[in-house]
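Q:
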Amino acid sequence: MKFKLKKDLLLGTATAATQIEGGDDNNNWARFAKEGKVKDGTSPLRADDHYARFREDIDLMAELGLQIYRFGIEWSRIEPQRGVYSAEAIAHYREEILYLREKGVLPLLTLHHFTNPLWFEDMGAFEHKDSPEIFLSFVKKAVEAFGDLVSEYITINEPNVYAVNSLFWGEWPPEKKSMRSLVNAFSNMTAAHILGYTYIHEARRKMGYHDTKVSFANHLRVFEPENPKNPFHRLSARLTEYLFQGAVTRAMMCGECRFPVLRRKGVTKGRYYDFIGVNYYSRSTVKGIADGVREDCYKNDLGWEIYHEGLLELSEHLYETYQAPVYVTENGTCDNRDRFRPRFLYDQLKLISERENHIVRYYHWSFTDNFEWKEGESARFGIVHVDYETQTRTVKPSGRLYASIIKNGGVTEEAFDEFVKDSQYETAPKP
Ligand code: BGC
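Each residue of the sequence shown is one higher than the one before, counting from 6 in this note's numbering.
1) Nearer than 7 Å: is that true of the beta carbon of Asn33 relative to any heavy atom of the ligand BGC?
2) CA-CA distance, Phe76 and Pro236?
3) Put Gln120 into one of helix, strand or coil per three-state DSSP.
4) Using a threshold of 8 Å, state whether the C-beta atoms of Gly17 and His55 are closer than that.
5) I believe Leu354 touches Asn284 by the beta-carbon criterion, under 8 Å. Please report the beta-carbon distance rounded to the nearest angstrom.
6) Roughly how many whole angstroms lie between the Cα atoms of Leu4 and Gly88?
7) In chain order, what residues of the same chain lie with their CB nearer than 6 Å to the CB of Arg255, ignoring the 5 residues before and after it?
8) Which one of Lys234, Pro265 and Gln429 has the shortest CA to CA distance from Ile311?
9) Cβ of Tyr368 versus every heavy atom of the ligand BGC: is any distance shorter than 7 Å?
10) For Lys435, name the three-state secondary structure that DSSP assigns.
11) Would Lys379 and Lys44 qualify as a contact pair, given that the criterion is a beta-carbon distance under 8 Å?
12) To the nearest angstrom, how far is the alpha carbon of Glu418 from that of Lys426?
13) So what's Phe140 in DSSP terms, helix, strand or just coil?
14) Please classify Pro436 as buried or exposed, where buried requires at least 16 other C-beta atoms within 10 Å of its C-beta.
15) Would you list the residues sitting across from Trp370 in a DSSP beta bridge?
16) Please work out which residues of its chain come closer than 6 Å, Cβ to Cβ, to His117, disregarding the five sequence neighbours upstream and downstream, and give them in chain order.
17) What runs of the alpha helix (DSSP H), each 4 residues or longer, lie entirely inside the segment 316 to 404?
18) So, helix, strand or coil for Gln72, using DSSP?
19) Contact defined as beta carbons within less than 8 Å: I believe Val253 pairs with Val266. What is the distance between those atoms, to the nearest angstrom?
20) Taking C-alpha atoms, which residue in Ala35, Arg276 and Ala57 lies nearest to Thr47?
21) Going along the chain, which residues of its own chain have a beta-carbon closer than 7 Å to the beta-carbon of Ala242, five neighbours each way excluded?
22) Round the Cβ separation of Phe59 and Tyr104 to the nearest angstrom and send it over; I've been treating them as touching at under 8 Å.
23) Whose C-beta lies closer than 6 Å to the C-beta of Phe140 among residues of the same chain, with five residues either side of it excluded?
24) Take Arg360 and list the residues in its own chain whose beta-carbon comes closer than 8 Å to its own, dropping the five residues that flank it on each side.
25) Helix, strand or coil for Glu149? Go by DSSP, reduced to three states.
26) Can you tell me where the alpha helix (DSSP H) holding Pro236 begins and where it ends?
27) By alpha-carbon positions, which one of Ile357, Asp422 and Arg342 ends up nearest to Glu321?
28) Could you tell me if the beta carbon of Asn223 falls within a distance shorter than 7 Å of some heavy atom in the ligand BGC?
29) Short check: CB of Leu114 to CB of Ile73, under 8 Å?
30) Could you name the residues of the same chain whose beta carbon sits closer than 7 Å to that of Ser186, not counting the 5 residues immediately before and after it, in chain order?
31) By the 10 Å Cβ neighbour count, where 16 or more other Cβ atoms means buried, how is Asp374 classified, buried or exposed?
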């Protein structure tokens, strides 16, 4: 054995509804794509056609032995107009969840993952003062519909990435560049999470269940000053860290609001998580307000630094502060040809297995290649390759390695020789 997997660590993958399902034109990203805003001209309307092919995909998950699966439901399918719910969509997701359970894969359900129904987007989405209650109505419907089948929930995926990309950098819909919008979104998403967290617990308790677990998926980066000796770089790293993730983490987890998060109605201090959800991809090197990437490091195909230690640093820091089991709700890399993903998986899981930590779940991003937001279909994160024209799925070497790790409880000498030995990082050329 090259290494034995950490005891009690469950392995699986994560996806998001809009990135894999296809066919839904009632959300802000489908519209954004139609307006020609996605770099490669593709649209989530195609994606992986998973809405129609979910059985095939779940069969493949089961074949690979995946134990856990984080996935999303599309709000705009379930509530196509405000207050109008689709029985068809609800029935569809019930079928999907039942199929997962039948195949022995434990579901973790994400309620909001970047996309909004058009009616919600057009009223200002999470900038709107009523958005926490509007989101809560959707949560109520979801728990009524799926509460008997699902015990684990993520209310909101990466509020910071959503708010910063959409409302501060103006890169994502609705392409705003406004500090005020950012503050509103941070504040309302915090309230939405806290209302959702509280409601899911109450509702499932009334249904007679006592195994409910709720949290949010927090996008976390390591922020390093470009030159540690430069006080300005050090200050920018600390400030960026606080503004991007520090304040919103504290607010969402404990209801303690400090600028840029303002306290909204219904937000009181408390404990609003049952696990610590960490989405981790990279380290940022900072010298000003925008984040950068150092030159002397391994990078993925999107130019992000590959820095495995960061996941451990961040999760342990959070554990010390918040004392709950850590779920790595996303971790992965963009490797369009699967040249270094096997090495990436090996290095990351080895570190988790050999270092003292509190990680109990690892959801690799992602199962199939999928619609990577502004990058469209051009950026591949899957352990399963998708030919978008034919919708053919092919398990990549990284997927075969992952299956072997689960089956054998670690990386065997044979698996290492077959998948990892020749899989090497390359330093991406400077952009
Ligand atoms: C998001 C995913 C995305 C992944 C890779 C995360 O920030 O939650 O939707 O595909 O990163 O960029």
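For glycine and all other residues, C-beta sits at the position ideal for the given N, C-alpha and C. Since this is a predicted model, take the numbers as computed values, not measurements.
A: Once the coordinates are examined:
1) Asn33: no, Cβ never under 7 Å from the ligand BGC.
2) Taking the straight line joining both Cα atoms gives about 42 Å.
3) Here the sequence assigns Thr to residue 120, which means Gln is not the residue at that position. Coil at Thr120, not helix or strand.
4) Not in contact: Gly17 and His55 (Cβ atoms no closer than 8 Å).
5) With a contact defined as Cβ atoms closer than 8 Å, Leu354 and Asn284 miss out at about 17 Å.
6) The structure shown does not extend to residue 4, since the chain spans only 6 to 436, so no value can be given for it.
7) Result list for Arg255: Glu261, in chain order.
8) Per the Cα distances, Gln429.
9) Result no, Cβ not under 7 Å from the ligand BGC.
10) The pLDDT assigned to Lys435 is 49, lower than 50, so where the model puts this residue is not dependable; a value taken from the coordinates is nonetheless given after this. Here Lys435 carries a coil assignment [DSSP, helix/strand/coil].
11) Yes, the Cβ-Cβ distance between Lys379 and Lys44 is below 8 Å.
12) Rounded to whole angstroms, Glu418 to Lys426 spans 10 Å at the Cα level.
13) Here Phe140 sits in helix by DSSP.
14) The predicted model places Pro436 with a pLDDT of 46, which falls under 50 and marks its position as unreliable; any figure quoted below should be read in that light. Classification of Pro436: exposed, given that the 10 Å Cβ count is below 16.
15) Bridge partners of Trp370: Ala19.
16) Excluding residues within five positions, the ones whose Cβ falls inside 6 Å are Ile161.
17) Secondary structure within the segment 316 to 404: the alpha helix (DSSP H) runs of 4 or more consecutive residues, fully enclosed, are 346 to 359 (chain order).
18) DSSP places Gln72 in coil when its eight states are reduced to three.
19) Contact flag correct, Cβ pair sits at about 6 Å.
20) Nearest Cα to Thr47 within the set Ala35, Arg276 and Ala57: Ala35.
21) If we look at Ala242 and ignore the five residues flanking it on each side, its Cβ neighbours are Phe228, Glu229, Pro230 and Val291.
22) About 7 Å separates the beta carbon of Phe59 from that of Tyr104, a gap short enough to meet the 8 Å contact definition.
23) Same-chain partners within the cutoff: Ala197.
24) Listed in chain order, the non-local C-beta contacts of Arg360 below 8 Å within the same chain comprise Leu317, local neighbours out to five positions each way being set aside.
25) In the structure shown, Glu149 sits in a helix (DSSP, three-state: H, G or I).
26) Its alpha helix (DSSP H) spans residues Pro236 to Glu246.
27) For the residues Ile357, Asp422 and Arg342, the minimum Cα distance to Glu321 belongs to Ile357.
28) With a cut-off of 7 Å, the C-beta of Asn223 is classified as distant from the ligand BGC, since no heavy atom of the ligand falls inside that distance.
29) For Leu114 and Ile73, no; Cβs fall outside 8 Å.
30) Here Ser186 has Glu132 and Leu172 as same chain residues with Cβ atoms under 7 Å from its own Cβ, once five neighbours each way along the sequence are excluded.
31) Of the other Cβ atoms in all chains shown, 16 or more fall within 10 Å of the Cβ of Asp374; this residue is therefore buried.
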